[in-house]
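Okay, structure first, notes after.
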Amino acid sequence: VELKRDRNRIAVSIGGKAFGVYYFGPEAPKPYFYPLCSARGTIVTRGYPMVQDIPGESHDHPHHRALYYAHGNINGIDFWSEARESRATQTSRGRYYATEKELPKGRTVFKKLDEAEGGKDSGSLRAEFDLVGPDGKPIGSEIQAYRLSGDDSTRVIDCEFTTLADRRIAVKFEDTKEGTFAIRLVKALEEPTGHMLSSTGGSGEKAIWGKRADWVDYSGDVSGEKLGIAIFDNPLNPKHPTYWHARGYGLFAVNPFGEHDFYNDKTRDGSMTIAPGGSLTFRYRVFIHEGDAAEAMVAEAYRSYAGQ
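Numbering (our numbering), first residue to last: -7 to 300.
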């Protein structure tokens, strides 16, 4: 596994093949990976908004930057959607609202790179960021750590996200469906050409969105390759098994906080507060595989991950 830094980006290759690029510069409001590729080199993430001219791609939700970690309401600030979006954006799918109510926008601002090292079996990446409000003042900080690996048929990203209340104030992840660890998938993996499956046996958006599960997998035929991508919820995470903000149109997200919307019950409170001086960590695995969930033995791969 090889990692190469070029200013505000780090390119990752596995076995000499391009896997993905991690962007952490000021040109975007948050860090992200784009693209992500299968072991054969097939891109599994949507290009927009980073690439504007891919034929057939939808241009909805420009804040869906391939793979990223962000939440729609932290201390009343929206780190999920982006400032250049209007309250209601006209899209090919009609109108959508970025959040339930328009909130001031925050930015996840790069502070320092702690680690970016390749290796025989895996590569590792660790970066620190400030969570900056619209007034330019940080409300807390965030550490993103990734371990990247793969073989002839799979690609794996082990992700660890830690939010720190290190500014003498509490940091509260409010209850909203707009979050949190997300991948925007390539068009071929959207319903109906793609297939969504959860660890509970749920099939399709209606059986998966807002429900709890250990893992969710999307599979389909992408550029002639039958492949899939799963996210695994670590059993040590708060609120495991997590809720899923996973949509048929290609937004593939884990959201432990959005209980209001998931249950359609405003009396529920899915928020979590980090006391001053404290921290909150979530861990996930992204598993890109050949075939569908059954052929790739995703359930078995999850059990192996959960037992580590």
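Note that the Cβ used here is the ideal one computed from N, Cα and C, for glycine as well.
When beta bridges are read from the DSSP output, Tyr297 appears opposite no residue. Contact check between the segment 193 to 205 and the segment 66 to 75: fewer than three CB pairs, one atom from each, fall below 8 Å, which does not count as touching. Sixteen is the threshold: since fewer than 16 other Cβ atoms of the shown chains lie within 10 Å of the Cβ of Asp213, the residue is exposed. Around the CB of Gly250, 16 or more other CB atoms lie within 10 Å, so the residue is classed as buried. Contact between Arg38 and Lys218 does not hold, since the beta-carbon distance rounds to 19 Å and is not under 8 Å.
Assignment of Glu292 by DSSP, reduced to helix, strand and coil, places it in the helix class. By the Cβ-count criterion, Tyr255 is exposed, with fewer than 16 other Cβ atoms from all chains shown falling within 10 Å of its own Cβ.
Contact between Ser263 and Lys164 holds, with the beta-carbon distance rounding to 6 Å and staying under 8 Å.
Closest by C-alpha distance to Cys151, out of Lys198, Ile2, Thr273, Thr192, is Thr273. Nearest C-alpha to Asp167 among Val36, Lys93, Gly115, Phe11: Lys93. The DSSP assignment places complete beta strand (DSSP E) segments of no fewer than 3 residues inside the segment 227 to 271 at 236 to 238, 243 to 246, 264 to 266, in order along the chain. For Thr37, the pairing in a beta bridge is given by DSSP as Leu177.
Around the beta carbon of Val43, fewer than 16 other beta carbons sit within 10 angstroms, so the residue counts as exposed. In this structure, Val36 sits away from Leu140, with a CB-CB distance that is not shorter than 8 Å. Measuring C-alpha to C-alpha distances from Thr265 to each of Pro248, Tyr276, Ile280 identifies Pro248 as the nearest. Thr100 places its beta carbon 8 Å or farther from that of Pro18. Judged by beta-carbon spacing, Gly132 lies beyond the 8 Å limit of Ala62, meaning their Cβ atoms are not closer than that value. Excluding the 5 residues flanking it on each side, Glu182 has same chain C-beta neighbours closer than 6 Å at Tyr241, Gly242, in chain order.
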